[in-house]
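**Student:** Protein chains in written order, with the numbering used here: chain A, 1 to 158; chain B, 1001 to 1111. Here a beta-carbon is modelled for each residue, glycine too, at the ideal position from N, C-alpha and C. Treat the numbers as computed from the prediction; the structure is a model and nothing was measured.
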């Protein structure tokens, strides 16, 4: 864990571990929470096993869907752990940082009140992102769309 | 770290679908107010309110030339919001909030 590069989220969720696991690994369930309302999600690939793909699209209007998630699972322990990265895409092709490479690890443990939920996201060196920004991260249509998609996502927070 | 006043203004400005569409459009390059208003079935005075909110947030600047007012995106205003670790944390907290709401809601009917 590197506090300058990584983040953790720890929470007790008042639902059984199997329910949290299913919400992550059943495409129809993931679609219901992966992106914030009013956006909608479509899951194209959700193959939770090492090397499996994780591909979603999102839509602001329910009609036009744009690429959102394109990741590969690195490690999966049935019912308790999912690890995936955007450093390679779902076809194992090395991916451009968008906006920074990350590996996310989601861990579930039984807890008297439900499920202990722990997310650790390890990020690549932000210097690579700074270079990306110098190269024109904010120039042009695609980057603004990306920035807005991220803002929309972030807006779900109070 | 991000300046929360700027964040509040930018998030408020982007909380509206019309204004998000305008920002998307300006991602292609500057445009006049009447060009921007054209796709929306609303009156020009109503549309101008959106332009003023965007301008107040700093996300766009406007300049009058002759009878037309041209709007330009100021992407640097997104930078405090786009501070990458702040954004990533917000992303994951938002996801966790929604997952929690989803799974707890689904479990409630069962004792």
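Going along the region 1088 to 1104 of chain B in order, which residues come within less than 9 angstroms of chain A, judged by CB to CB distance?
**Tutor:** If the cut-off is 9 angstroms between Cβ atoms, the region 1088 to 1104 of chain B has 1088, 1089, 1090, 1091, 1092, 1093, 1094, 1095, 1096, 1097, 1098, 1099, 1100, 1101, 1102, 1103 and 1104 near chain A.
**Student:** From residue 1040 of chain B to residue 1009 of chain B, what does the alpha carbon distance come to, in whole angstroms?
**Tutor:** Numbered from its first residue, the second chain carries residue 1040 of chain B at position 40. Numbered from its first residue, the second chain carries residue 1009 of chain B at position 9. Distance between the alpha carbons of residue 1040 of chain B and residue 1009 of chain B is about 23 angstroms.
**Student:** Using DSSP with H/G/I as helix, E/B as strand and the rest coil, what is residue 1027 of chain B?
**Tutor:** Numbered from 1 along the second chain, position 27 holds the residue referred to as residue 1027 of chain B. Three-state result, residue 1027 of chain B: coil.
**Student:** Which of the three DSSP states is assigned to residue 18 of chain A in this structure?
**Tutor:** As a working mapping, residue 18 of chain A is identified with position 18 in the first chain. Helix at residue 18 of chain A.
**Student:** My parser needs the alpha helix (DSSP H) runs of 4 or more residues fully inside the region 1056 to 1090 of chain B; what are they?
**Tutor:** Whole alpha helix (DSSP H) segments, 4+ residues: 1078 to 1082.
**Student:** Touch check for the region 4 to 15 of chain A and the region 110 to 119 of chain A: three-plus C-beta pairs under 8 angstroms?
**Tutor:** The region 4 to 15 of chain A, when compared against the region 110 to 119 of chain A, does touch it at the 8 angstroms Cβ threshold.
**Student:** Expressed to the nearest angstrom, what Euclidean distance is found between the alpha-carbon atoms of residue 1065 of chain B and residue 1033 of chain B?
**Tutor:** Taking the first residue of the second chain as 1, we reach residue 1065 of chain B at position 65. Taking the first residue of the second chain as 1, we reach residue 1033 of chain B at position 33. Roughly 12 angstroms between the two C-alpha positions.
**Student:** CB-CB under 8 angstroms to residue 85 of chain A, same chain, minus the five flanking residues each way: which ones, in chain order?
**Tutor:** By 1-based counting over the first chain, the position of residue 85 of chain A is 85. Cβ within range, chain order: 71, 72, 74, 101, 102, 103 and 104.
**Student:** Just checking my contact of residue 50 of chain A with residue 76 of chain A at CB under 8 angstroms: how many whole Å lie between their CB atoms?
**Tutor:** In the first chain, residue 50 of chain A corresponds to position 50, counting from 1. In the first chain, residue 76 of chain A corresponds to position 76, counting from 1. The Cβ separation is near 6 angstroms, so the contact holds.
**Student:** Whose Cβ in chain A lies nearer than 7 angstroms to the Cβ of residue 1085 of chain B?
**Tutor:** Residue mapping note: residue 1085 of chain B aligns to position 85 of the second chain, counting from 1. Ordered by position in chain A, the residues that pass the 7 angstroms Cβ test against residue 1085 of chain B are 7.
**Student:** Out of curiosity, what's the CA-to-CA distance linking residue 27 of chain A and residue 1095 of chain B?
**Tutor:** Walking along the first chain from the start, residue 27 of chain A turns up at place 27. Walking along the second chain from the start, residue 1095 of chain B turns up at place 95. Spanning the two alpha carbons is a distance of roughly 15 angstroms.
**Student:** Could you list the residues in the region 112 to 126 of chain A with a C-beta less than 9 angstroms from some C-beta on chain B, going in chain order?
**Tutor:** Listed in sequence order: 114, 115, 117, 119, 121, 123 and 126.
**Student:** In whole angstroms, what is the alpha-carbon distance linking residue 1072 of chain B and residue 1014 of chain B?
**Tutor:** On the second chain, position 72 is the one that residue 1072 of chain B refers to. On the second chain, position 14 is the one that residue 1014 of chain B refers to. Approximately 16 angstroms between the Cα atoms of the pair.
**Student:** I believe residue 30 of chain A touches residue 7 of chain A by the beta-carbon criterion, under 8 angstroms. Please report the beta-carbon distance rounded to the nearest angstrom.
**Tutor:** What you label residue 30 of chain A is simply residue 30 of the first chain in a count that begins at 1. What you label residue 7 of chain A is simply residue 7 of the first chain in a count that begins at 1. At roughly 21 angstroms, the Cβ-Cβ gap does not stay under 8 angstroms, so residue 30 of chain A and residue 7 of chain A are not in contact.
**Student:** Compute the Euclidean distance between the alpha carbons of residue 1048 of chain B and residue 1087 of chain B, then round it to the nearest angstrom.
**Tutor:** As a working note, residue 1048 of chain B is residue 48 in the second chain. As a working note, residue 1087 of chain B is residue 87 in the second chain. So the two alpha carbons sit approximately 30 angstroms from each other.
**Student:** Does the beta carbon of residue 11 of chain A sit closer than 8 angstroms to a beta carbon anywhere in chain B?
**Tutor:** Mapped onto the first chain, residue 11 of chain A falls at position 11. At least one chain B Cβ lies under 8 angstroms of residue 11 of chain A.
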